[in-house]
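Numbering (my numbering), first residue to last: 111 to 370. Heads up, the beta-carbon is just placed ideally off N, CA and C, and yes, glycines get one too. The structure presented is a predicted model; accordingly, all values stated were derived computationally and were not measured. First up is the structure itself, then whatever we jot down about it.
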Ligand code: SAH
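Next up, the structure:
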């Protein structure tokens, strides 16, 4: 068996524990038939997934050496194992129907992966992934919590989040410097925001960029001078998703009135 040597620049930490691999793949609920694995590496999750009759699995990895290894090891599934960059792939070309994502993600680009998922939320029904524990906690954090931030708000707007379990460093080769966790995101019912998506993203980002300030101060540039709202006296972490949406909807109305 040829061993692929882990490349740090690609965020490669290969999972070595079959029980954890099974636990991760069993966390994927049969909500969609199509499944995409991001970063199969040496295929520890892939092997479990390919034998599951509930799923039709594709996997994409940016590392040519991993792909060559997997093509040699799993010749019958060659066509399912794709060489490419998840961040650049055209998701809508591969998927016309809702699908699920799974992966032990490259931690250095996990935020970028989540932003792509949000962009494609009409297709991405479920995500089961291992990420840095601290990022998992941020994503799952409720409002009022220190860890509640941009990623929590954006993801919780469209997904129900479950923190499933924590994974220590020792089950990886090479061991990462941080602890890991597995989370599950399931697309919620929200279709329309009620306000302009760009405004919403802008308010959330700008607000959390100065999270200790009240919104009145942090998003000054986004509000008409005479605009008044109780939300302006709050700090961004005090607003839950519905409050953010309500605030942005009201703000949008007032901007419209001003333009008229
Ligand atoms: N699933 C494997 C490997 C996890 S390491 C395991 O659990 O052992 C993360 C994997 O993501 C690596 O194989 C790395 O090559 C791959 N990767 C890194 N950036 C990527 C990208 N932009 N698109 C697809 N795969 C990527």
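Self-check item: beta strand (DSSP E) runs contained entirely in the region 266-335, provided each spans 3 or more residues
Solution: 269-277 and 290-297
Quiz prompt | Chain-order list of residues whose beta-carbon lies under 6 Å from that of residue 123 (same chain, five-residue window excluded) | solution = 282 and 286
Practice problem: Mark residue 222 as exposed unless 16 or more other C-beta atoms lie within 10 angstroms of its C-beta, in which case mark it buried. | Solution: Its Cβ having fewer than 16 others within 10 Å, residue 222 is exposed.
Quiz prompt | Which residues DSSP lists as bridging residue 169, in chain order | solution = For residue 169, DSSP records a beta bridge to 147 and 191.
Quiz prompt | residue 258 and residue 242 closer than 8 Å at C-beta | solution = no
Quiz prompt | Cβ separation of residue 318 and residue 358, assumed to be a contact under 8 Å, to the nearest whole Å | solution = With a Cβ gap of about 14 Å, residue 318 and residue 358 do not count as contacting.
Quiz item: How many Å lie between residue 211 and residue 360 at the Cα?
Solution: 35 Å
Quiz prompt | Under the three-state DSSP convention, the category residue 236 falls into | solution = strand
Quiz item: What span of residues does the beta strand (DSSP E) with residue 129 cover, start to end?
Solution: From DSSP, residue 129 is part of no beta strand (DSSP E) but of the alpha helix (DSSP H) over 128-136.
Quiz item: Under the rule that 16 or more other beta-carbon atoms within 10 Å means buried, what is residue 143, buried or exposed?
Solution: exposed
Quiz item: Relative to the alpha-carbon of residue 139, which residue among 249, 272 and 245 has its alpha-carbon at the smallest distance?
Solution: Residue 272 is the option with its Cα nearest to residue 139.
Quiz item: Below 8 Å between beta carbons: does that hold for residue 170 and residue 155?
Solution: no
Quiz item: Sorry if obvious, but does the Cβ on residue 154 come closer than 7 Å to a heavy atom of ligand 1?
Solution: yes
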